[in-house]
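The C-terminal position of the sequence shown is numbered 131 in UniProt numbering, with every residue numbered one higher than the one before it.
Comments concern the structure below.
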Amino acid sequence: MKEVERTRKIQTKFWTTPQEKAQLLENRNRAGYRTLGSYLLKMGLDGYVVNIDFSEIKSTLGELGSVRSELNKIGNNINQVAKHVNHSHEIDVMDFYILEEEMKSMRKQMEKFEKQVVQTFNNKINQLEGN
Numbered sequence: 001m002k003e004v005e006r007t008r009k010i011q012t013k014f015w016t017t018p019q020e021k022a023q024l025l026e027n028r029n030r031a032g033y034r035t036l037g038s039y040l041l042k043m044g045l046d047g048y049v050v051n052i053d054f055s056e057i058k059s060t061l062g063e064l065g066s067v068r069s070e071l072n073k074i075g076n077n078i079n080q081v082a083k084h085v086n087h088s089h090e091i092d093v094m095d096f097y098i099l100e101e102e103m104k105s106m107r108k109q110m111e112k113f114e115k116q117v118v119q120t121f122n123n124k125i126n127q128l129e130g131n
């Protein structure tokens, strides 16, 4: 049998689990390569790995719990005012003033939270672009 003249003369092998092999094949298909070898060679030579630390984002998103809690409190206050108005058919100006102040506070917290999330994501993007 005649030996084929190859550009690449060194064969490389490695071991995988069935799940890893399935993931490699799925990634190959998504990338549009016909053979696993050509996909792995391309990724090994030209590809890159991005490791992102999401701990800052997780801590920022952790504040969402406190915002949600405040929102629940405001919702409870609105329900109390609505019950009072339904039963007495009177509107207490002070109740609405308190409710309005709580809504303003909530808006400020939401704006602060949104700015923190955007800033955290921008920082991560800048870190990635710097790599």
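Where a beta carbon is used, it is the ideal one built from N, C-alpha and C, also for glycine.
Should F121 be listed as close to the ligand PLP, given that the test is whether its C-beta is under 7 Å from any heavy atom?
The ligand content of the structure shown is nil, which means the ligand PLP is not present either.
Three CB pairs or more closer than 8 Å across the segment 89 to 105 and the segment 23 to 31:
As far as the Cβ criterion goes, the segment 89 to 105 does not touch the segment 23 to 31, which means the pair count is below three.
What does the Cβ neighbour count give for Y97, buried or exposed, with the cut at 16 atoms within 10 Å?
In the sequence shown, residue 97 corresponds to position 97, counting from 1. Label assigned to Y97: exposed.
For S59 and K104, the rounded distance between their alpha carbons:
Counted from its first residue, the sequence shown places residue 104 at position 104. Counted from its first residue, the sequence shown places residue 59 at position 59. In a straight line, the C-alpha of K104 is about 24 Å away from that of S59.
Throw me the rounded Cβ distance for the V67 and M94 pair, which I believe falls under 8 Å.
Counted from its first residue, the sequence shown places residue 67 at position 67. Counted from its first residue, the sequence shown places residue 94 at position 94. Not really, about 26 Å apart at Cβ, beyond 8 Å.
Nearest residue (CA-CA) to R8, options R34, T17, E26, L41
Within the sequence shown, residue 8 is the residue found at index 8, counting from 1. Ranked by how close their Cα comes to the Cα of R8, the residues R34, T17, E26, L41 have L41 in first place.
Residue range of the alpha helix (DSSP H) that E111 falls in?
Within the sequence shown, the letter at position 111 stands for residue 111. Residues 93 to 130.
What first and last residue would you give for the alpha helix (DSSP H) that runs through H84?
To locate residue 84, count along the sequence shown from 1; it is residue 84. Residues 64 to 88.
Which whole-angstrom value is the C-beta distance of L99 and V81, which I expect to be below 8 Å?
Start at 1 with the first residue of the sequence shown, and residue 99 comes out as number 99. Start at 1 with the first residue of the sequence shown, and residue 81 comes out as number 81. Going by Cβ atoms, the distance from L99 to V81 rounds to 6 Å, so yes, they are a contact pair.
Do L24 and L36 have their C-beta atoms closer together than 8 Å?
Position 24 of the sequence shown holds residue 24. Position 36 of the sequence shown holds residue 36. Against a cut-off of 8 Å, the Cβ pair of L36 and L24 comes out as a contact.
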